Each structure stands twice: as structure tokens, then as C-alpha cells.
Amino acid sequence: MNKKFSLKQIFDSRGFSAFTATLMAIIIGLVFGYIVMVIASPENAWLGFSSILTGGMKKIGDVFYYATPILMTGLSVGFAFKMGLFNIGASGQYTMGMFCAMYVGFMFDLPDGIHWIVCVLAGMLGGMLWGIFPGFFKAFLNVNEVITAIMFNYIGMYLVDMLVTGNPSMYDSVRARTQYLPETAKIPSLGIEGSNVSIAIVFGILIAILLYIILNMTTFGYELKATGFNKEACHYAGMNGKRNIVVTMVIAGALSGLGGAFAILAPTTIAGSSVTYEPINVIAANGFNGIAVALLGNSSPLGIIFSSIFISYIQRGGTLSALYGYKPEIIDIVIAVIIYFSSFSMIMGGALAKFVNRFTKNQAKVNVNAESPVLPEEGKEE
Amino acid sequence: MDTLVYIIQNTLPVMIPLLLVALGGMFSERSGVINIALEGIMLAGAFIGTLFVYFIQGSGMEPQVILILAMMVAAIAGVIYALLLGVAAIHMKADQTISGTALNMLMPAIMLLFCKMTFNSDGVTTNVAFYIQKIPVLGDIPFIGRLLFQKTYLTVILGILILVIVTIVFYKTKFGLRLRACGEHPQAADSVGINVYRMRYAGVILSGILGGIGGFFYAVSVMDGNSNGHTGVAGFGFLALAVMIFGQWKPISIFFAALFFAFLRTVAYSVPLIPFLANLGIDNAIYKMLPYIATMIILAFTSGKSRAPKAEGIPYDKGQR
């Protein structure tokens, strides 16, 4: 009986219902993806689908490599969400961070071991700079942060493209992309063979844990979440809402900027080369992917660690399913469907908890001595 | 003078998609549903509309008739797609930002998958000449005819017509008043017998119609009758969102906001043709940034009392009074 009581408590907790709901959303998304694959080409569907599920295992280094930037932009969006701000500007902050990191990488000549650190910090500053605008406009000029962020995505993108193409020591006009960065500017590799993954992923995870601590154990974090719940009440309680808005957006910008720096400073497997940037007037996709990551991770820093790795994982699997003639866009569909269904996660989670409660209650009536009630989820999890 | 005429002739076809989609967003948000999904809805309209044109273009129909038919198809596509948002936001009480973002991601993926599998390309390419050199009679009016009815698309006239209808529906009908009430205080609206759920569905459906048409008009007048899954609608859905906020969720203000934005954008893209600007020797990218910067500056000065519909984004719960 004792065990059952604690079980009920777990099922009733918000975190758990969010988790099971996300899990259900993932299952629905994958089933949907499988159906699309069957329609596209039935004979290979199972092979393709299993390569989506397990393909990431074969490229575990790449999973972490591609997870790094979306982890950072995801944290950025998620952190702002806690305050009730929608940071759709992660893209511009990411681009600015990438540019500043690149600028220090090309223009400064610093000793090995220090150079890349300065580059990363410059990237963070670049992101912060672009985070100030939505925060400032929202707090002091009453401009909706969504519109500022969208506008500054474009301004940042055009600005960076202009600065890159106008600087011959950064831009290779023949190949229409940036030059290769010097070795010293690259983040040390994590040492997984055949992959660009760097120690940045470790930093990313540590930053996520730090954010978790800030949100849950500091006054600032408390004020932030409280403002997200009820702005007026917090103003009444004497919290400085305006300052908190700006600080939140600056932190969110710093996180996205780090994402950009981590992306461009990644070590490459081919000696002498580096990741390059093509100034083709397109908004950085990693910023928008960050929104998906944050939503799937329920805006919680720890959840975002897992959601970024999960999204990267099935994306790697998706590229492998091309071997069976499938287009990688199937993965984008799967991710979109997952996010769509996780948007009503609370309703689904609530329904599930109700179902479980009724189930356990019924069981208790039928068999008072039941030691371990069967979890209805167990079958679905597999 | 010729330059000015040229710029205006090119501004209008760019303005219309922005205007229509922003009006769609307005209907949705004034009924209480945040519509981040405008980008996805636009692309749905652009994709299905051009696909329809692709299948019908061999039939020898008049290009302008094809345009009107495809416009209707695009509107239906937009409605169906917007209903995905509606069901999530109204019935499932979902977080509207999240479902909207999901729909923005879903459409390009579906479109790319379909186009890669059927056409082995990233989009739909059509070859119908929608461009109009000169509209008979109207194009002969001195000056104004040259400004508005020459070297243009039918989309401009249709768009202005839609603006007029929307403004009347929004302000002069019972329906418009009720819709607006649902976005401000749904509980009060409900207490006088208005079905809030139905009104919000109406708002979402209207945003689907206008978003789908806007997307197709974008494909016609900006992309020359084609659509592409990679570039999509180049962020026009998000810009329309910005135009809607810039226009204070009011039809006429939205019209001026869209005109302003489209004008600056057209200037930026036609700098080489304007001797005065070309001689200044400023980097072209500065001009491209200009519409966005100018919007921000104006907003900074005018947003002091800007206010979004009060109940937008909050799922309506009958039990909550």
C-alpha cells in the first residue's frame, strides 16, 4: 500500500505528467513518421524506420556535435520562456555570436590555449549585445519582444553578411564563404574519432545545470519565474520587472551567442580546415531549431539537455535513412508533429494521470494486496 | 519621376501579401488566438496554390482566371492548415505559441518531401504569365492609371478589395464586434450569449483564408508564380506578424504599416536603378536593413500605449469567471 501511495504522488506531480505527455508526443510523432515512410515507399519502410531509431548510435560523436548549438539556442529560448518572454530572436543572437567569435578568431593573434577562449567569450558578448534590444524595447518602450526579435534577426543577419563580405581577411570571395579559421581559434576536440564534436558540449551541459541552479535556488530565478506567472503581482510585491526583463534577455542572448561561437569554432576532422559560414542572406536555422528544442524540453534546462540530444539523435538517424531512399525531411515532419502534440501536453498528461489513478484505485478495490500495480505506460515506452 | 513610378509599381505587389497575412493575423488575435503559424499558413497557400496552377496550366485558360481559381484553392489550403492550430488552441487548450511554431516547422518539411519525391526539386515551378502590362480602360487614366494599373498583378486590385471588405466586416457588422469582444473579455462575451469557441474558430478560419491567399499572392507577385520549400516565404509570415503589431491590430493602420515596410524594402532592392542613392556609395546591405531599422525606430516612439488584445493566448475556459 505504501508503495502505491508514493506512485500516485508521482503520477499526480506536474513534472511527471509533463514527462509522460512528452513521451506520448514522441511516440505519436514517430508513428506518424513511420506512416509517412510506408506511404512513401512501403518495402523499405521498416529498414528506414529502424535506421532512424538506431542510426544515431553509429554516429554518437556527430549526435553530440549537432546537439551543441541547438542545446545553446534551446537554453536561450527556454530561459526567456520562464520569464514569459518569447525569444524568437535566438537566430539573430546566434549569428551575432558567431560573427564576434569569428572576428576575434581572424583578426587577433593570441597564443594557443587562450585564443579560442577569447573567441568564445567574444561570441557570448555578441549574443548579449543582440539580446539587449528586445529586452530594452520591451521593458522601457513597451514594444512586443516578438517584433523586436524578428526585426533584429534580419538586421543582425544583413549586418553580419555585410561585415563578413567586406573584410578580405575573413571572406573568401572565390568560394563565397569565410576563410578557414586559424588552428588556435578552434575549441579543443572531445576526441571522438571521425566527428567534429568538441568540449563545447560539456560546457553546454554545465551551463544548463548552472541555469537550473539559478532558476531554482536563487532569488533572481524565483523572481523570474514569478514574473512569468503573474507580472502584476510581482510588481506589487516590489520586484523590479523592467530590470529583470533586460537581464533575462541579455542572458538569453549570451546563451544563443555561445551557440553561434560553439558552432563556428568547432574543430574539424580534416587538418587545416574549419567550419565556414556562407553569407547568403539567410536567417540561421539553428535559432529556430532552438525553439523546438526548448518546447520539447518543457523549457526546463535539464529537459533541454535531453531534448537537444534527442532531436540531434533522430536527425542523424534520419540522414542515415537516406540509404534506403528516404528524404531527411521526414525527420523534420516527425519533430514538428512531436512539438505539435506536446503543445497540449498538459491536457494529455492530465488525462493520463486521471486514467492511472482510476486504474490503480480499481485495482486496489479488486485486490487489496496488490504489491506492484502494472504501469500502463510500460508497454508504450518500448 | 520615372523612378518613383517604378518604385510604387513594385511596392504594391510586395505590400499585398504582407497586408493580407497581417489582416489574417489580426482576425485570429482579435478573437483571442495568437497566430505564430502565419508563416506556415502562407507557405501552405503558396505551395497548394502553385501546385494547382502547375496542374491546370496546360488547359489553355486565361492566366487571370487561373489566378482567381488558384487563389480559392490556396484559401482552402490555408483554412485546413489553420484549423490544425484552431483545434489545438481552442479545443485542446494548447499553448498557442508552441502549436504555432510546430506548424511553421511542419509545412516546409511536408512541401520539401512532396516536391523532392514528385518533381525531384525543392519546389513547384509554373509558367503562367500573371504579369499584366496594362489593365484595359483603368490603365489609361492619366497618372493614376500609370501608377496603379500598369505593369502590375491582379493581386493588387484583389488585395485592396479584400482590405475594404475586411474593414467593413471588422467594424460595421455584428460579427466583427462579437469577434473583438472574444479577444478582449471572452467571459463577458459568453455571458451575453456569444459562443466564444465558435468566434475563435471563425477568427482562425479567417486567418487561414487570408494567410493562404497572402501566401499564394506572394508566390505570384514576388516569386513570379513559383514556390520553394527551402526559402519558403522568406519570413513574410513573421514580417506580417510584425506589421500587424506595428499596425496596432487595426485594419487601416495595418495597411499603412504594410505600405511603409514594402516601400522601404522595394527601395532597398532597387538601389542600382535610383541614381541618387546609387551615387552615395553606401553598402547595399545598409539599405536592406533599413526597413527593419526604420520599423524599430517608429515603434520605439509610438508604442507607449500599444496594447495587444487582452485575452489573446489564453485558452477560454467556461468555468473561469
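Chains Z and X, in that order, give the protein sequences. Just add 137 to wherever you are in the first sequence, counting from 1, and you've got the working numbering. Just add 830 to wherever you are in the second sequence, counting from 1, and you've got the working numbering. Just so you know, even glycine gets a beta-carbon here, dropped at the ideal spot from N, CA and C. From a predicted model like this one, the values you see are computed outputs, not experimental measurements.
query                                                                                                                                                                                  : result
Kindly indicate the opening and closing residues of the beta strand (DSSP E) around threonine 982 of chain X.                                                                          : 980-982
Can you tell me whether valine 387 of chain Z is buried or exposed, with buried defined as 16 or more other CB within 10 angstroms of its CB?                                          : buried
Does the Cβ of serine 310 of chain Z have 16 or more other Cβ atoms within 10 Å, making it buried, or fewer, making it exposed?                                                        : exposed
Cβ atoms of glycine 1042 of chain X and tyrosine 911 of chain X: under 9 Å apart, would you say?                                                                                       : yes
Give me the Cβ distance between alanine 363 of chain Z and methionine 376 of chain Z, rounded to the nearest whole Å; I'm assuming they're in contact under 8 Å.                       : 7 Å
Is it buried or exposed for glutamine 1021 of chain X, if we count other Cβ within 10 angstroms and need 16 for buried?                                                                : Per the sequence shown, the amino acid found at residue 1021 of chain X is serine instead of glutamine. Answer is exposed; the Cβ neighbour count stays below 16.
Give the range of the alpha helix (DSSP H) segment to which glutamine 926 of chain X is assigned.                                                                                      : 926-948
Do the stretch 408-421 of chain Z and the stretch 289-299 of chain Z meet, that is, are 3 or more Cβ pairs less than 8 Å apart?                                                        : yes
From this set, Z/Leu402, Z/Leu258, Z/Met288, Z/Val257, which residue's C-alpha is nearest isoleucine 1128 of chain X's C-alpha?                                                        : Z/Met288
Around the C-beta of alanine 876 of chain X, are 16 or more other C-beta atoms found within 10 angstroms, so that it is buried, or is it exposed?                                      : buried
With serine 858 of chain X and serine 1037 of chain X assumed to form a contact (beta carbons below 8 Å), what rounded beta-carbon distance in angstroms separates them?               : 4 Å
Can you check whether the CB of alanine 1064 of chain X is closer than 9 Å to the CB of phenylalanine 1076 of chain X?                                                                 : no
If we count the other Cβ atoms within 10 Å of its Cβ and call it buried at 16 or more, is threonine 232 of chain Z buried or exposed?                                                  : buried
Does valine 954 of chain X come out as helix, strand or coil in the three-state DSSP assignment?                                                                                       : strand
Using a Cβ-Cβ cutoff of 9 Å, what residues of the stretch 923-937 of chain X are near chain Z? List them in chain order.                                                               : Lys923, Ala924, Asp925, Gln926, Thr927, Ile928, Ser929, Gly930, Thr931, Ala932, Leu933, Asn934, Met935, Leu936, Met937
Is isoleucine 962 of chain X helix, strand or coil when you go by DSSP?                                                                                                                : strand
Return yes when the Cβ of glycine 397 of chain Z is within less than 9 Å of the Cβ of glycine 260 of chain Z, no when it is not.                                                       : yes
Give the secondary structure of aspartate 1113 of chain X by DSSP, where H, G and I count as helix, E and B as strand, and everything else as coil.                                    : coil
Rounded to whole angstroms, what's the CA-CA distance from threonine 191 of chain Z to valine 835 of chain X? Just pull it up for me.                                                  : 60 Å
Can you check whether the C-beta of threonine 1061 of chain X is within less than 9 Å of a C-beta belonging to chain Z?                                                                : yes
Give me the Cα-Cα distance between serine 187 of chain Z and glutamine 894 of chain X, rounded to the nearest whole angstrom.                                                          : 48 Å
Shorter than 9 Å from the beta carbon of aspartate 1113 of chain X to some beta carbon of chain Z?                                                                                     : yes
Using a threshold of 9 Å, state whether the C-beta atoms of alanine 84 of chain Z and histidine 252 of chain Z are closer than that.                                                   : Residue 84 of chain Z lies beyond the range of chain Z shown here (138 to 519); nothing can be said about it.
Suppose you measure from the CA of leucine 993 of chain X to the CA of alanine 907 of chain X; what does that come to, to the nearest Å?                                               : 20 Å
Since serine 335 of chain Z sits in a beta bridge, which residues does DSSP pair it with?                                                                                              : Z/Ser326
Taking DSSP as the reference, what is the three-state secondary structure of threonine 159 of chain Z?                                                                                 : helix
Cβ of tyrosine 477 of chain Z less than 9 Å from any chain X Cβ?                                                                                                                       : yes
Hey, out of Z/Leu457, Z/Gly170, Z/Ile346, Z/Gln230, whose CA is closest to glycine 394 of chain Z's CA?                                                                                : Z/Gln230
For tyrosine 1146 of chain X, write down the residues that DSSP places opposite it in a beta bridge.                                                                                   : For tyrosine 1146 of chain X, which the question treats as bridged, DSSP gives no partner whatsoever.
Using the three-state DSSP reduction, which class does arginine 312 of chain Z fall into: helix, strand or coil?                                                                       : coil
Please look up how many angstroms separate the CB atoms of proline 465 of chain Z and alanine 473 of chain Z, rounded, as I've assumed it's under 8 Å.                                 : That belief does not hold up - the Cβ atoms of proline 465 of chain Z and alanine 473 of chain Z are roughly 13 Å apart, past 8 Å.
Just to confirm my understanding: we take leucine 318 of chain Z, look at its own chain, exclude 5 residues before and 5 after, and list those with CB closer than 8 Å. What are they? : Met239, Gly242, Phe243, Ile401, Leu402, Ser411, Val412
If we call anything under 9 Å between Cβ atoms a contact, is threonine 880 of chain X one with glycine 1055 of chain X?                                                                : yes
Report all residues from its chain with a CB closer than 8 Å to the CB of leucine 208 of chain Z; omit the five preceding and five following residues, and keep chain order.           : Ile338, Gly341, Ile342, Ala345, Gly396, Val430, Ile441, Ile442, Ser445, Ile446
With burial defined as no fewer than 16 other Cβ atoms inside 10 Å of the residue's Cβ, what is the status of serine 178 of chain Z: buried or exposed?                                : exposed
With H, G and I counted as helix, E and B as strand and the rest as coil, what does DSSP make of asparagine 1025 of chain X?                                                           : coil
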